[in-house]
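Peer 1:
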Amino acid sequence: MQRGNKVKNTAFRNTYKALFFLFIFSIPLSVMSCTKPLASSKKLVFTPPPAEAELIGGKDKKNIIDQRFLPKDKYGLVDWKEVINRNLINPASSLDPDEAAGKEEETADFVIIWSSTIKPSLSFSPIVKTIPIGGNNYKFEMGIDFQRILERIIFSKESPLGKTNPKGIDFILKPKVGLMADAYFPHNIHTYWLDCKNCHPSIFPIKDSQLVRVSMTEIFKGEFCGKCHGKVAFPVTDCGRCHLENLL
Amino acid sequence: MIDMKKLSHLLILLFILLFLTDNSATAATTGQYGDVILNKNAASMREVGVKDVLFPHTFHRIRFKCKVCHNDIFVMKAGANEINMNVIMEGEMCGKCHNGIIAWEPIECEKCHSMRPGYTGGVVQNAKRK
């Protein structure tokens, strides 16, 4: 009987020991698991079952690639620009396959400099500079008024830019601070993904009277570019992807 | 000889530790950057006994351009869309594709209702514990 009691006691002691160790070890682990950011862990990869991956995506099933094999940027996120440049995916433009096939993408023909320092002028000044960006020579027009040029592009077919599709026009945004590099806005990659209606005129108005001034503080708050960048597009902390260099 | 009691205690401890570490990393948060948590109707989801919805945005982006869904089907703002299963079954919202013709039918709850409850809605990388 006594011996049996002793065995019981040691067993109890062991369980208490185990519980104690468990308690001690579990504190840092549970804290770690609570504070761990959701999207940063490498374990968090969405893996679709192969049968579904084949089903989803309408007609062009051959061009579907698993996102794990797409090129990544410095944050480990999918680098969509690189994906498009390398022609790795072929996302559908519309749910209607006939409509999707008929659409062709425009490339940038002109660059508009959008700056508070450039004074408005009544006429177009000649092209003064070409700068290679991404293998293409972009033409820069100086001394033009952003609002007026947009008016002419959209409303006048006789103007030199009248034939140009506004989709093919890129922008350079001059920052308020002189030390910061110019922000380059490529229109064509945005029109590749988006429709005009997604941004204009709700986020970026195009009328003279409603023009907005974009600032980084508001972008960080989730306005303007921040409506997509930082949420579904690349994060706004990746400064060098917009602020390329002083282009002018 | 191996002490079986100690071994069993160790094993139990290990199992419990595994269970504890499991909670946020692997349980249901299989989200990626840009994926969206939809839990506006969390109360009714709990009533039925399903988890929050984790919408794999990146997965859809490989297959469709933004303009396909925005803004004709979905408004680009968290919480601005009134999505519920009735609407989906009628062929609106997700049901525009998830109808068995373009994509799979919305009959397997766990495929979408896969997000562990207790997080704020919106994109996964900005989600916080409630």
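Chains as they are written, first to last, in the working numbering: chain E, 1382 to 1629; chain A, 6 to 135.
Using N, Cα and C, we set each Cβ at its ideal position, and we do this for glycine too.
1. Between which two residues does the alpha helix (DSSP H) holding E/Tyr-1573 run?
2. Give a yes or no on whether the minimum CB-CB distance between A/Val-128 and chain E is below 8 Å.
3. Taking buried to mean at least 16 other C-beta atoms within 10 Å of its own C-beta, is A/Arg-51 buried or exposed?
4. Could you tell me which whole beta strand (DSSP E) segments of length 3 or greater appear in the segment 35 to 61 of chain A?
5. Between E/Val-1459 and chain A, is the shortest Cβ-Cβ distance under 8 Å, so that the two count as touching?
6. Strictly under 8 Å for the Cβ-Cβ distance: is E/Val-1595 near chain A by that measure?
7. Give the interface partners of E/Asn-1395 over in chain A, defined as CB-CB distance under 9 Å, in chain order.
8. Verify whether the separation of the beta carbon atoms of A/Ser-13 and A/Lys-56 is less than 8 Å.
9. Using a Cβ-Cβ distance under 8 Å, would A/Val-58 count as near chain E?
10. Taking 8 Å as the limit between beta carbons, can you name the residues of its chain near A/Cys-74, skipping five residues before and five after?
11. Span of the alpha helix (DSSP H) holding E/Trp-1461?
12. Quick check: is the beta carbon of A/Gly-39 nearer than 8 Å to any beta carbon in chain E?
13. Can you grab the Cα-Cα spacing for the pair E/Pro-1586 / E/His-1568, in whole Å?
14. Identify the continuous alpha helix (DSSP H) that holds E/Met-1561 and give its terminal residues.
15. Taking Cβ to Cβ, would you say A/Gly-39 is nearer than 8 Å to E/Val-1613?
16. How would you list, in chain order, the residues of chain E whose beta-carbon sits under 7 Å from the beta-carbon of A/Lys-135?
17. Closer than 7 Å, Cβ to any Cβ of chain E: which residues of the segment 67 to 79 of chain A, in chain order?
18. Do the CB positions of E/Phe-1601 and E/Ile-1584 come within less than 8 Å of each other?
19. Relative to the C-alpha of A/Ile-21, which candidate in E/Lys-1608, E/Phe-1404, E/Tyr-1397, E/Arg-1449 has its C-alpha closest?
20. Helix, strand or coil: how does DSSP classify A/Met-81 here?
21. Taking 8 Å as the threshold (C-beta atoms), are E/Leu-1554 and E/Ala-1562 in contact?
22. Mark A/Cys-71 as exposed unless 16 or more other C-beta atoms lie within 10 angstroms of its C-beta, in which case mark it buried.
23. Classify E/Cys-1620: buried if its beta carbon has 16 or more other beta carbons within 10 angstroms, exposed otherwise.
24. Helix, strand or coil for E/Tyr-1456 per DSSP?
25. Within 8 Å (strictly less), CB to CB, does A/His-118 reach chain E?
26. Would you list the residues sitting across from A/Gly-127 in a DSSP beta bridge?
27. Between E/Phe-1402 and A/Leu-18, which are expected to be in contact by the criterion C-beta below 8 Å, what is the C-beta distance as a whole number of angstroms?
28. Roughly how far, in whole angstroms, is the beta-carbon of A/Cys-99 from the beta-carbon of A/Ile-93, given that I think they are within contact range, below 8 Å?
29. At 8 Å on the CB atoms, spell out the chain A contacts of E/Leu-1625, in chain order.
30. When DSSP builds the beta bridges, which residues end up paired with E/Ala-1399?
31. Using alpha carbons as the reference points, say which of E/Ile-1465, E/Met-1597, E/Lys-1557, E/Arg-1594 lies closest to E/Thr-1572.
32. Can a CB atom of chain E be found closer than 8 Å to the CB of A/Ala-33?
33. According to DSSP, which residues form a beta bridge with A/Arg-134?
34. Name the DSSP beta bridge partners of A/Phe-69, please?
Peer 2: Let me spell this out:
1. Its alpha helix (DSSP H) spans residues 1568 to 1574.
2. Yes, because at least one Cβ of chain E sits closer than 8 Å to the Cβ of A/Val-128.
3. Classification for A/Arg-51: exposed.
4. For the segment 35 to 61 of chain A, the full-length beta strand (DSSP E) segments reaching 3 residues or more read 41 to 43, 58 to 60 along the chain.
5. Yes, its Cβ sits closer than 8 Å to a Cβ of chain A.
6. Not one chain A Cβ lies under 8 Å of E/Val-1595.
7. Going along chain A in sequence order, the residues near E/Asn-1395 (Cβ under 9 Å) are Lys-10, Lys-11, His-14.
8. No, they are not a contact pair.
9. For A/Val-58, the answer is no, since every Cβ of chain E falls outside 8 Å of its Cβ.
10. For A/Cys-74, where only same-chain residues beyond five positions count, the Cβ hits under 8 Å are His-65.
11. Start and end: 1461 to 1466.
12. Interface with chain E (8 Å Cβ-Cβ cutoff): A/Gly-39 is included.
13. Roughly 15 Å between the two C-alpha positions.
14. E/Met-1561 -> no alpha helix (DSSP H), and no H or E assigned at all.
15. It is a contact, given that the beta carbons lie within the stated cut-off.
16. Result: empty, since nearest Cβ-Cβ is about 13 Å, beyond 7 Å.
17. Close to chain E, meaning a Cβ-Cβ distance shorter than 7 Å, are the following residues of the segment 67 to 79 of chain A: Ile-67, Arg-68, Phe-69, Lys-70, Cys-71, Lys-72, Val-73, His-75, Asn-76.
18. Contact flag unset, no.
19. A/Ile-21 has its Cα closest to that of E/Phe-1404, out of E/Lys-1608, E/Phe-1404, E/Tyr-1397, E/Arg-1449.
20. In the structure shown, A/Met-81 sits in coil (DSSP, three-state: anything other than H, G, I, E or B).
21. No, Cβ-Cβ distance for E/Ala-1562 and E/Leu-1554 is not below 8 Å.
22. A/Cys-71 comes out buried.
23. Classification of E/Cys-1620: exposed, given that the 10 Å Cβ count is below 16.
24. Annotated three-state conformation of E/Tyr-1456 is coil, per DSSP.
25. Output row for A/His-118: interface = no.
26. Its beta-bridge partners are A/Ile-42.
27. So it is a contact: roughly 6 Å between Cβ atoms.
28. About 5 Å separates the two Cβ atoms, so the contact holds.
29. Neighbours of E/Leu-1625 on chain A: none; closest Cβ ~23 Å, over 8 Å.
30. Answer is none; E/Ala-1399 lacks a bridge partner.
31. With distances taken between Cα atoms, E/Thr-1572 lies closest to E/Ile-1465.
32. Here the model assigns A/Ala-33 a pLDDT of 40, short of 50, so the residue's position is not dependable and the matter cannot be decided.
33. Partner(s): A/Tyr-124.
34. Paired residues: E/Ala-1473.
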